[in-house]
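Undergrad: Taking the working numbering, the leading residue of the sequence shown gets 65, the next gets one more, and so forth. By construction, the Cβ of each residue, glycine as well, lies at the ideal position given by its N, Cα and C atoms. Note that the coordinates shown come from a computational prediction; the quantities given were computed from them, not determined experimentally. Encoded as structure tokens, here's the structure I'll be asking about.
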Amino acid sequence: MTLWQGLILGLVQGLTEFLPVSSSGHLRVLEVVTGVHTPGVFVEVALHVATLGSVLVVYGRRLWSIVRGVVARRPEDLRIAGLLALATLPAGVIGVVFHRQVEAAASLVLVGVGFLVTGFMNWSTRRFAGDRPQPTVGAAVGIGFAQALAAVFRGVSRSGSTVCAALWSGLGPA
């Protein structure tokens, strides 16, 4: 992979990661269209580490506040940290258990189906106003399983499924 090809993959990842579209699905389409294949897990991990960096730039203060609150044993921060862990757990477990099957099932047809699923999920939230001010355990579990769905099916957006599950559970947009 050349530097330019890596930059293009990084640009696609960066532009699509926080939109309710599948960044991994778009990377797969780009691989098929251009013939440029990511040379293994290292590049994908590097792309996701860069994404983590952008998350820390945007949400770093809030995350650091939660960490300090957990250390200080502030009840609200402990609750939020627990809900974040609960929402992360299903996707992490399913991703670890099924990662080989996920990679084997990365055909362009399945990616296209994932795009359609994401589109339907986004469309289905148009009437969800959300009036619940705080996430609940049920909302965290639902969000976690929505992320797990996205972890298993390339083409289904992680951020889109997270936002949709939050809206379906009654949470308002942030």
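Rounding to the nearest angstrom, what Cα-Cα distance links R92 and L79 in this structure?
TA: By one-based count along the sequence shown, residue 92 stands at place 28. By one-based count along the sequence shown, residue 79 stands at place 15. Distance between the alpha carbons of R92 and L79 is about 15 Å.
Undergrad: Identify every residue that forms a DSSP beta bridge with R196.
TA: Numbered from 1 along the sequence shown, position 132 holds the residue referred to as residue 196. DSSP output for R196 lists L235 as bridge partner(s).
Undergrad: What first and last residue would you give for the alpha helix (DSSP H) that runs through E95?
TA: As a first step, residue 95 is located in the sequence shown; it is residue number 31 there, counting from the start. From DSSP, the alpha helix (DSSP H) with E95 extends over S87 to T98.
Undergrad: Determine the extent of the alpha helix (DSSP H) in which F217 is found, giving its start and end residues.
TA: Taking the sequence shown and counting its residues from 1, one reaches residue 217 at position 153. Segment: none, F217 is in no alpha helix (DSSP H) and carries neither H nor E.
Undergrad: Measure the alpha-carbon distance for Q77 versus P84 and round it to whole angstroms.
TA: The residue labelled residue 77 in the question sits at position 13 within the sequence shown. The residue labelled residue 84 in the question sits at position 20 within the sequence shown. Their Cα atoms are separated by approximately 13 Å.
Undergrad: For I130, which residues of its own chain have a beta-carbon under 7 Å away from its beta-carbon, when the five flanking residues on both sides are left out?
TA: For the purposes of this step, residue 130 is identified with residue 66 of the sequence shown, where counting begins at 1. Taken in chain order, the residues that qualify are D141, I144 and A145.
Undergrad: Alpha carbon to alpha carbon, how far is T66 from H101? Give it in angstroms, no decimals.
TA: Mapped onto the sequence shown, residue 101 falls at position 37. Mapped onto the sequence shown, residue 66 falls at position 2. Spanning the two alpha carbons is a distance of roughly 11 Å.
Undergrad: Give the DSSP-derived three-state secondary structure of L83 in the structure shown.
TA: Along the sequence shown, read from residue 1 onward, the residue named residue 83 stands at position 19. Coil.
Undergrad: According to DSSP, simplified to helix, strand and coil, what is A136?
TA: For this step, residue 136 is matched to residue 72 along the sequence shown. Coil.
Undergrad: Given a threshold of 16 other Cβ atoms within 10 Å of its Cβ, counted over all protein chains shown, does F106 qualify as buried or as exposed?
TA: Counted from its first residue, the sequence shown places residue 106 at position 42. F106 comes out exposed.
Undergrad: Which whole-angstrom value is the C-beta distance of P154 and A212, which I expect to be below 8 Å?
TA: The count along the sequence shown starts at 1 and reaches residue 154 at position 90. The count along the sequence shown starts at 1 and reaches residue 212 at position 148. Their Cβ separation, rounded to whole angstroms, is 4 Å, which keeps P154 and A212 in contact under 8 Å.
Undergrad: So which of G70, P237, L75 and E95 has the shortest CA-CA distance to S171?
TA: The count along the sequence shown starts at 1 and reaches residue 171 at position 107. Nearest C-alpha to S171: E95.
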